[in-house]
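Just so you know, we're using our numbering here: the sequence shown kicks off at -7 and counts up by one.
What follows is a short report on a single structure.
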Amino acid sequence: MSGTGASSKPLTYSRYLRIDELLELQRPLSEGPEHDEMLFIVIHQVYELWFKQILHELNQLRTALEAAVVPTALATQKRILTILKTLVGQVDVLETMTPVAFSSFRARLESASGFHSAQFREVEYLLGHKNPQMARHHPADSRGGRRLQELLREPTLYDSFLCFLAERAYAVPTELLARDVSQPIAESPALQAVLLEIYRADPETAMVCERLVDLDEGLQEWRYRHVKMVERTIGFRPGTGGSLGVPFLRESLFKPVFPDLWAIRDQL
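Right under this line is the structure:
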């Protein structure tokens, strides 16, 4: 008899998306449980799903840039930007939880903190914000810890962008194409001169550049909303799990991923 006979179950919406398993993942720890703990869990699980999708899109964007496939690069950039807008919108939902409501179950979180989101650190590393200290918050034998160590040694989206410009026959400085990808991205006057040439004479390539600026700004917008949400919820107390809370988060504000694309603004 065939293994695909009448006894096999048809593929349904619920089975395809594993809805039953998904809905079992929200398990509050507070007694009662406290009403708003469910919101807290759902919001952060959804964040992690969006981070997963952003990582998926960033890898496609790197490939498209390195192959200089402009339509794919632009479409992928637009999708990432739309997801970032969604992440900002989720802050509005989380802010419906009052400080008193959060305090009612916060102690149950122990060391569980969004500060330890390995996927968000992966997003940062892929974009070029490589702080080795952040990797140390994840066990070396964990999936997140291993991936962060790999990303410390891998090229970033910035490096893919440099390859894109070189593929488009622009004179990207050799030292940038051969740079140590584990190091922070530094401004380059020589690259800025190339970018100015692009903005003045190559609209298609300039559009890719502008989408990267949009991406940079979108990430900064999410950081800002996240910081203000934390500040209005716990003030300047230490964050969950012993993190420094708002003071630490504020340090990450207004740090561009692509400094050269911002540095040329007053010359355009």
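Positions of the beta carbon are idealized from the N, C-alpha and C atoms, including for glycine.
Computed from a predicted structure; not experimentally measured.
Beta-carbon separation (whole angstroms), residue i vs residue j, contact threshold 8 Å
i: residue 186; j: residue 157; result: 7 Å
i: residue 127; j: residue 137; result: 7 Å
i: residue 154; j: residue 168; result: 6 Å
i: residue 143; j: residue 118; result: 6 Å
i: residue 200; j: residue 62; result: 6 Å
i: residue 73; j: residue 252; result: Contact doesn't hold; Cβ gap of about 20 Å is too wide.
i: residue 100; j: residue 140; result: With a Cβ gap of about 27 Å, residue 100 and residue 140 do not count as contacting.
i: residue 160; j: residue 65; result: Actually they do not touch by this definition, with Cβ atoms about 11 Å apart.
i: residue 152; j: residue 260; result: Residue 152 to residue 260, Cβ: 23 Å. No contact.
Residue i versus residue j - alpha carbon distance
i: residue 35; j: residue 51; result: 25 Å
i: residue 20; j: residue 93; result: 14 Å
i: residue -6; j: residue 1; result: Confidence is the limiting factor: at residue -6 the pLDDT is only 48, short of 50, which leaves the residue's position unreliable and the question unanswerable from this model.
i: residue 24; j: residue 45; result: 34 Å
i: residue 203; j: residue 67; result: 10 Å
i: residue 197; j: residue 208; result: 17 Å
i: residue 22; j: residue 14; result: 20 Å
i: residue 11; j: residue 17; result: 10 Å
i: residue 29; j: residue 3; result: 33 Å
i: residue 5; j: residue 109; result: 29 Å
i: residue 84; j: residue 91; result: 14 Å
i: residue 221; j: residue 49; result: 27 Å
i: residue 32; j: residue 9; result: 22 Å
i: residue 171; j: residue 181; result: 15 Å
Environment of residue i [buried if 16+ CB atoms lie within 10 Å]
i: residue 77; result: exposed
i: residue 122; result: buried
i: residue 250; result: buried
i: residue 7; result: exposed
i: residue 246; result: exposed
i: residue 192; result: exposed
i: residue 219; result: buried
i: residue 87; result: exposed
i: residue 145; result: exposed
i: residue 163; result: exposed
i: residue 135; result: exposed
i: residue 130; result: buried
i: residue 54; result: buried
i: residue 95; result: exposed
i: residue 69; result: buried
i: residue 125; result: exposed
Runs of 4 residues minimum, wholly inside the stretch 37 to 89: which ones carry the alpha helix (DSSP H) assignment? Taking only runs of at least 4 residues, the alpha helix (DSSP H) segments lying wholly in the stretch 37 to 89 are 62 to 86.
If you scan the stretch 93 to 137 from start to end, which runs of the alpha helix (DSSP H) of 4 or more residues do you find wholly inside it? Taking 4 residues as the minimum length, the alpha helix (DSSP H) runs contained wholly in the stretch 93 to 137 are 110 to 119, 124 to 127, in order along the chain.
Quick check: the stretch 161 to 178 against the stretch 30 to 50, are there 3 or more CB pairs under 8 Å? Segments in contact, no.
In chain order, each beta strand (DSSP E) run of at least 3 residues that lies wholly inside the stretch 177 to 219: Complete beta strand (DSSP E) runs here, min 3: none at all.
Inter-stretch contact (C-beta, 8 Å, three-pair minimum) for the stretch 71 to 86 and the stretch 194 to 214: By the Cβ test, the stretch 71 to 86 is in contact with the stretch 194 to 214, since at least three Cβ pairs between them sit closer than 8 Å.
For the stretch 146 to 178, list the beta strand (DSSP E) runs that are entirely contained and at least 3 residues long, ordered along the chain. Counting only runs of 3 or more, we get nothing.
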